[in-house]
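Asker: Got a structure here, written out as structure tokens. Questions coming.
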Amino acid sequence: MVLPLLKDWMLNNFNVNLDYVRPAQPEFSAADLPSPVINKPFLEDLQTSGLEHSLDCHDRLFRAHGHTLNEIWALREGSFNRIPDLVAWPTSQVEVMQMVQLANKHNVVIIPFGGGTSVTQALECPSTETRMIISLDTSQMHKILWLDEENLTACLESGVTGKEIEQRLASRGFCLGHEPDSYEFSTLGGWVATRASGMKKNIYGNIEDLVVLVRTVTTRGLLEKSCNAPRTSSGPDLHHAILGSEGTLGVVTEVVVKIRPLPECQKYGSVVFPCFQDGVSCLREVARQRCAPASIRLVDNEQFVFGQALKPENNSLVQSFLDGIKKAYLTRWKGFDINKMCVATLVFEGTLKEVEAQEKRVYETAGKFGGLPAGEENGERGYFLTYLIAYIRDMGLQYGIIAESFETSIPWDRVTDLCHNVKDRLRRECKAMGMQHEPFASCRVTQLYDAGACVYFYFAFCIRGLSDPVKAYEEIESAARDEILACGGSISHHHGIGKIRKKWLKQSISGVGVDVLQSIKRTLDPQNIFGNGNLFDAAVPISKL
Amino acid sequence: MSFSPKRKGTYEEILHHRSQQSDVGWSLRSYTPPQYRYCSPRRPIDVGTAVLASPIIRHTVLQLSEEDGSSVERLEQEAEAIVKEMGHDLGMGAIRLFAFVLSKAWRRIYKAIYVNSEHLTKLQGLCKDYPVLLLPSHRSYMDFLLMSYVCFAVNLPVPVITAGADFMSMKGVGSLLRKSGAFFIRRQFGSDKLYWAIFTEYVQSLVRNGDAPVEFFLEGTRSRAQKSMGPKLGCLSAALEPYFKGEVADIYVVPIGISYDRLLEETLYAYELLGVPKPKESTSGLLKARHVLSGDYGNIHVSFSAPISVHDYFRAGVDRSVHATLPRYMSSHSVEEVACTQSLAVDVLLQQQKAIVLSPWSLVAAILLQHSQPGGMGVAERSQLEGVGVAELAEEVHWLKLQLENFGGRINWPGGYTTEAILMDTLTVHSDLVSVSNENRVYLKHVDDVKSKNAALDPVTMATAVRHLTLALYRNQLLHVFQNLGLVALVVTGSQENEISLEDLYKKFMFLRNLLCKDFIFRPCDVEKDFNGVLLGMKHTNAIVQENNHILVAPSVNKCTVFMSRMFEPFLVAYWVLCQFLLTHNRASWKIRDIIEGTQGLEAAMLNHGMLHHYEILSLELLSNAVNGLIHCGAICREKAANGNPSLLAKPFELSKVATEIASMVTVPTCDDAAAYVKILAVPLSAKL
């Protein structure tokens, strides 16, 4: 695919010199990687058990990281202090139980690994860990165990990816409807472990709304409920101890989820607004009326302009001409300022009639806030951009541009201020670091709730002249997170805590809250076998020291 | 010869030197100031509408209606009336009219208006990114027109300004001021919840939307005594709340020091300080003031300090996320936010002082006022009778100028002229107060007798006091430069020992800072830093001689320390008389007004009998500061009387301790003498009180 306008956009926004490239280093050889810590008795037991595993250095490296910026950077230009010492591929819940028992017996660490799409350094091995570390890769557990058409539920193994789920369910006329941006690679188990959120949650719900039953293998045995009932009152919901536990309590092995019949019709759409505030007011109204379509997202002006730069090559003069007319119509007749306008992208799902009705209602509401429908194509490109962005990030690194995203959730009345303040903070921090060029700071409102919204920030800057770009990035993101919390936003909407946001956990859930989590951890995993170090530092019992 | 060139260092002249020569052309020129990037443009009247529709006003109305049963409609009408009374009506028409008229008027009386340009470019940029608060010093009615005029001249957005509601009633003027951006706040609205809510929301609405920079005076009112007064925090905390609540990314605060070579209100201020009632602001009063529109008022300097980022200032001390769990309309400031706001306010005042460009006349005033002779006749008296030689005065002025510069003061001192030339220039500007004879001697002019309400003050005493106070106003303008130096000098020159340990010096220094905390602006947390800083400065200028950890008294009593201690002496004398007054009148409780007027009477008697000779101690503002300073030191207690009114309780033990401490530093009449005069006064005083 060719993106003819992207070059100009990069030149304008970062003042990059395309002759300046930072090629990735050659692949690590075995000698470049830390040598494995081997727990001999464990290894012997493992070999006797016949469970599939590998000590190969590239197998280990592949599972040493997610997609957090500093991890990608380490691959391209840096090195790793600590990587898993062994990779294991259990094929069933029974094999997972065997693995966990062995690990518990020999005091070996297990880090569960799904699709490897974490963006919180959740997969990073704690550099201080002296015990042997096993990466438990769930990819061989990808079966649909059963499907119940009457109750619209299905039991899936945790290692199955989003894409596989939808393909296989579709062949039987169903769908799950959970589509996080990473859904090509991310797995069901990972979604549960991070409290994932999907693009179309307005129809299908977030992961916590989708699960009916979760089975988790802990060092104390299997944690599960006794029936597939839709809701129970039996004390605090233990599913919620597992949802968002980020691999610190056990391995999610099987999940019963709700499924839906495939929708008859899916349609994209888009609306342009004169300014961001108008767009936010419209989304707020849509949420108030609870008439949100499957997905509705509002991107700010910066991202709107960036989206224009990603238009594929188009030789048709007619098409360019039409584009020209549209622009003139918007700017001259409707008084839109090309430097202020922003766009909302929409996905409608349902029967033909439902979709029609939804469209009418949404466009009517948008009209009250100065919004004008801007066609299906613009909407589709908006969603396509979401998937593209990870690839563009890797390309940016080539030219010395660091890009990353982070997200939050926040009450409605603070959404606009949050967006303004965080972008301002990003620009200011970059300036304070002596960067010559303003960074690309952009945001979009991606999810609507009754009481607030999820906001996603994209942020990129040129690293030329910085001695430690990753450290610079981390400081800037940390300042931005402080700003988010100051504005009344949350520590995370769906990415989770991992390691990069540990320092704000206590502020977010109170000291008592951390103690509660600590005691769950102590009960389920007294030896800290699931020692990936996410969320908080597990208090190790004194007797073990 | 021109004392007022187009450019002086970073200062540019904006009144006489313009690219467009005609005033019409200039006031109608294209004016495109920077605008806040998230501002949604609205008319002034829309601000009021937005305020009335805001959640905080709706909730306050409902809450008040629930509390006292008054109907929502009535409260809403009341709110509407308040907003109407408050609202500004800023429009370019009025601004251009003012620009034209003021250019004409000011060019006749001012030689120059200087504005420093060093921060202007940055400020223009900041106006685009953040809401801005303009915080000028406030020492003249003119400040507020001047600020708008300057903003127009240098292409900054014209501000909206909080003004006292007393201006509002001036016929015609009120609406003209509104059109130039003023909005009106009642001086006192204590516990009126609705008024308070509307006022804060009005300010915050302006800050949030960044319609225009918001200008207000931290000191709350004009500083008639011409030295900074303690900050009033109401407006500032209201204006900062949008930052604390995360409604704006940052707010920039700009301290501005404004100085006038000659004040339009100089005699008026002297009268007001003595308690001669202030004429109510009225249009006819303003018209009478027209005669001032001729004559020479010298230069004006408007100095913008570096803009302060509230975010950077509060970064370490304030956690804004504490507001995350309450609805935004609920007003609340955390303890840290209150403390940081107070600290910021003090810093802004200090920055204003630092920015102020002093007039050479301040030096002259300081010199004429003091050097009291043992016989009790100061230069002020001498200069009325026999005059002071210009050469002698010039020498003194030059010396004081050096001291001023050594201790960080800024003075308008055009290069290339002799001190004598500069002196003559400033004497011409102040020819209402001084005259120069053919023999080159400087004489103070006579002041007509003045009648006072306070029966204890006779017209001749008052006339002398007016003359002294008029000079003191200008002397006061430079005191902040020497405030720490003066306190050290008081301790050193008052010492009876051969040497003072640094520890004792520090203790006494602390005592004076606490006592004088209402008369001067100190940062309490900087006491040690200020102490060390001023000692270093004094050592470097040979004002004190230190050996090991001791100050040697004999060589440290020199021209500098004597001059400085005498400059601050009147303050301590006034405090001392106030202590004596309270110590000799045995009363269960006091009203502050009775203490002040009683002390003023006692001072007058002592002045008449030649026991004291600082007529400026009759200043009511000084006495009011003294009461509050003594409250701060714990020598007077605040309490609630039986009827619920606040009253004051004198604490004799602490008062006599303070009095003794003061007496150890400055010359005061003996206590017996004082007691005798109290007795003389006792009958009329108690009859009056």
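Protein sequence lines, in the order shown, are assigned to chains C and B. Using the working numbering, you'd call the opening residue of the first sequence number 2 and step up by one each time. Using the working numbering, you'd call the opening residue of the second sequence number 60 and step up by one each time. We treat Cβ as the ideally placed atom computed from N, Cα and C, and that holds for glycine. From a predicted model like this one, the values you see are computed outputs, not experimental measurements.
For Glu135/B, which three-state DSSP category applies?
Answerer: Taking the second sequence and counting its residues from 1, the one referred to as residue 135/B is at position 76. Residue state, collapsed to three classes: helix.
Asker: Tell me the rounded alpha-carbon separation between Tyr356/B and Glu455/B.
Answerer: Translated into positions along the second sequence, residue 356/B becomes position 297. Translated into positions along the second sequence, residue 455/B becomes position 396. C-alpha separation (whole angstroms): 24 Å.
Asker: Restricting to Cα atoms, I'd like to know which of Val266/B, Leu323/B, Leu422/B and Leu611/B is closest to Met623/B.
Answerer: Here residue 623/B refers to the residue found at position 564 of the second sequence. For the residues Val266/B, Leu323/B, Leu422/B and Leu611/B, the minimum Cα distance to Met623/B belongs to Leu422/B.
Asker: Restricting to Cα atoms, I'd like to know which of Asn175/B, Gly128/B, Gly703/B and Phe159/B is closest to Gly68/B.
Answerer: Residue mapping note: residue 68/B aligns to position 9 of the second sequence, counting from 1. Measuring from the Cα of Gly68/B, the nearest candidate turns out to be Asn175/B.
Asker: According to DSSP, what are the bridge partners of Cys176/C?
Answerer: The residue given as residue 176/C occupies position 175 in the first sequence. Answer is Arg261/C, bridged to Cys176/C.
Asker: Can you pull out the residues from the region 484-498 of chain C whose beta carbon lies closer than 7 Å to at least one beta carbon of chain B?
Answerer: Leu486, Ala487, Cys488 and Gly489
Asker: Looking at chain B, is there any beta carbon in it that lies within less than 8 Å of the beta carbon of Asn302/C?
Answerer: Residue 302/C sits at position 301 when you count from the first residue of the first sequence. With 8 Å as the cut-off, Asn302/C does not count as an interface residue toward chain B.
Asker: Let's test the definition: count the other Cβ atoms within 10 Å of the Cβ of Asn268/B and tell me whether it reaches 16, buried, or not, exposed.
Answerer: For the purposes of this step, residue 268/B is taken as the residue at position 209 of the second sequence. Classification for Asn268/B: buried.
Asker: Taking the alpha carbon of His107/C as the point to measure from, which residue in Asn535/C, Glu484/C, Gln528/C and Leu536/C has its own alpha carbon closest?
Answerer: Numbered from 1 along the first sequence, position 106 holds the residue referred to as residue 107/C. Per the Cα distances, Gln528/C.
Asker: If we count the other Cβ atoms within 10 Å of its Cβ and call it buried at 16 or more, is Glu587/B buried or exposed?
Answerer: Along the second sequence, read from residue 1 onward, the residue named residue 587/B stands at position 528. By the 10 Å Cβ count, Glu587/B comes out exposed.
Asker: Applying a beta-carbon distance threshold of less than 8 Å, which residues of chain B neighbour Asn422/C?
Answerer: For the purposes of this step, residue 422/C is identified with residue 421 of the first sequence, where counting begins at 1. Residues of chain B passing the Cβ test: Gly305, Val307 and Ala308.
Asker: Whose C-beta lies closer than 6 Å to the C-beta of Cys692/B among residues of the same chain, with five residues either side of it excluded?
Answerer: For the purposes of this step, residue 692/B is taken as the residue at position 633 of the second sequence. For Cys692/B, where only same-chain residues beyond five positions count, the Cβ hits under 6 Å are Asn573 and Leu574.
Asker: Beta carbons nearer than 9 Å to chain B: which residues of the region 469-483 of chain C have them?
Answerer: Taking a C-beta cut-off of 9 Å against chain B, the contacting residues of the region 469-483 of chain C are Asp483, listed in chain order.
Asker: Quick check on Ser380/B - is its C-beta less than 8 Å from some C-beta in chain C?
Answerer: Within the second sequence, numbered from 1, the residue matching residue 380/B stands at position 321. Chain C, which has a Cβ nearer than 8 Å to the Cβ of Ser380/B, makes this yes.
Asker: Look up Arg445/C in the DSSP assignment and say whether it is helix, strand or coil.
Answerer: Position 444 of the first sequence, counted from the start, is the residue given in the question as residue 445/C. Strand at Arg445/C.
Asker: What is the rounded straight-line gap between the Cα of Arg445/C and the Cα of Leu7/C?
Answerer: Numbered from its first residue, the first sequence carries residue 445/C at position 444. Numbered from its first residue, the first sequence carries residue 7/C at position 6. If you take the alpha carbons of Arg445/C and Leu7/C, they lie about 20 Å apart.
Asker: Are the CB atoms of Asn16/C and His494/C within a distance shorter than 8 Å?
Answerer: Residue 494/C sits at position 493 when you count from the first residue of the first sequence. Residue 16/C sits at position 15 when you count from the first residue of the first sequence. Result no, Cβ atoms of His494/C and Asn16/C do not sit closer than 8 Å.
Asker: Can you tell me whether Thr478/B is helix, strand or coil according to DSSP?
Answerer: Numbered from its first residue, the second sequence carries residue 478/B at position 419. Helix, per DSSP.
Asker: Between which residues of its own chain and Ser140/C is the CB-CB distance below 6 Å, once the five residues before and five after are set aside?
Answerer: Within the first sequence, the letter at position 139 stands for residue 140/C. The beta carbon of Ser140/C sits closer than 6 Å to those of Gly160, all from its chain and outside the five residues before and after it, given in chain order.
Asker: Beta carbon of Leu385/B, beta carbon of Ser391/B: below 8 Å?
Answerer: Numbered from its first residue, the second sequence carries residue 385/B at position 326. Numbered from its first residue, the second sequence carries residue 391/B at position 332. In this structure, Leu385/B sits near Ser391/B, with a CB-CB distance shorter than 8 Å.
Asker: Any chance you could list the alpha helix (DSSP H) runs of at least 4 consecutive residues sitting entirely within the region 282-307 of chain B, in chain order?
Answerer: 293-303
Asker: Can you name the residues of chain C whose CB is closer than 7 Å to the CB of Tyr97/B?
Answerer: On the second sequence, residue 97/B is found 38 positions in, with the first residue counted as 1. Proximity of chain C to Tyr97/B at the Cβ level (cut-off 7 Å) is accounted for by His421, in chain order.
Asker: Output yes if chain B places a C-beta closer than 8 Å to the C-beta of Asp418/C; else output no.
Answerer: Counted from its first residue, the first sequence places residue 418/C at position 417. With 8 Å as the cut-off, Asp418/C counts as an interface residue toward chain B.
Asker: Taking Cβ positions, are Ile257/B and Val142/B nearer each other than 8 Å?
Answerer: On the second sequence, residue 257/B is found 198 positions in, with the first residue counted as 1. On the second sequence, residue 142/B is found 83 positions in, with the first residue counted as 1. In contact: Ile257/B and Val142/B (Cβ atoms closer than 8 Å).
Asker: So, is the C-beta of Ala365/B closer than 8 Å to a C-beta in chain C?
Answerer: Here the question's residue 365/B lines up with position 306 in the second sequence. No, its Cβ sits nowhere closer than 8 Å to a Cβ of chain C.
Asker: Exposed or buried, which one is Asp425/C when buried takes at least 16 other CB atoms within 10 Å?
Answerer: Along the first sequence, one-based indexing puts residue 425/C at 424. The residue in question, Asp425/C, is buried, as its Cβ has 16 or more Cβ neighbours within 10 Å.
Asker: For Phe243/B, which residues in the same chain have their Cβ closer than 6 Å to its Cβ, ignoring the five residues on either side in sequence?
Answerer: Translated into the one-based positions of the second sequence, residue 243/B becomes position 184. If we look at Phe243/B and ignore the five residues flanking it on each side, its Cβ neighbours are Met145, Ala222, Ala224 and Met227.
Asker: Among residues of its own chain, excluding the 5 on either side of Glu464/B, which ones have a beta-carbon nearer than 6 Å to its beta-carbon?
Answerer: Within the second sequence, residue 464/B is the residue found at index 405, counting from 1. Once the five neighbours on either side are set aside, Glu464/B has no close Cβ partner at all.
Asker: To the nearest angstrom, report how far apart Phe712/B and Tyr330/B are at their CA atoms.
Answerer: One-based indexing of the second sequence puts residue 712/B at position 653. One-based indexing of the second sequence puts residue 330/B at position 271. The straight-line gap from Cα to Cα measures roughly 35 Å.
Asker: What separation, rounded to the nearest whole angstrom, lies between the Cα atoms of Phe373/B and Cys399/B?
Answerer: What you label residue 373/B is simply residue 314 of the second sequence in a count that begins at 1. What you label residue 399/B is simply residue 340 of the second sequence in a count that begins at 1. Roughly 7 Å separates the two Cα atoms.
Asker: Ends of the alpha helix (DSSP H) at Ile521/C?
Answerer: In the first sequence, the residue the question calls residue 521/C occupies position 520. It spans Leu506 to Leu525 - the alpha helix (DSSP H) in which Ile521/C sits, taken as one unbroken run.
Asker: What do you get for Lys41/C, buried or exposed, if any count of 16 or more other CB atoms within 10 angstroms of its CB means buried?
Answerer: Walking along the first sequence from the start, residue 41/C turns up at place 40. By the 10 Å Cβ count, Lys41/C comes out exposed.
Asker: In chain order, what residues of the same chain have a beta carbon less than 8 Å from the beta carbon of Leu353/C, not counting five sequence neighbours either side?
Answerer: Residue 353/C sits at position 352 when you count from the first residue of the first sequence. The residues are Glu265 and Cys266.
Asker: Which same chain residues, not among the five before or five after Asn13/C, have their C-beta less than 8 Å away from its C-beta?
Answerer: Locating residue 13/C in the first sequence gives position 12, where the first residue counts as 1. Apart from sequence neighbours up to five positions away, no residue of its chain approaches Asn13/C with a beta-carbon distance below 8 Å.
Asker: Counting C-beta neighbours from all protein chains within 10 Å, is the total for Leu19/C 16 or more, i.e. buried, or is it exposed?
Answerer: Here the question's residue 19/C lines up with position 18 in the first sequence. Exposed is the call here.
Asker: Is it true that the CB of Glu274/B sits closer than 8 Å to the CB of Pro190/B?
Answerer: Residue mapping note: residue 190/B aligns to position 131 of the second sequence, counting from 1. Residue mapping note: residue 274/B aligns to position 215 of the second sequence, counting from 1. Not closer than 8 Å, so no.
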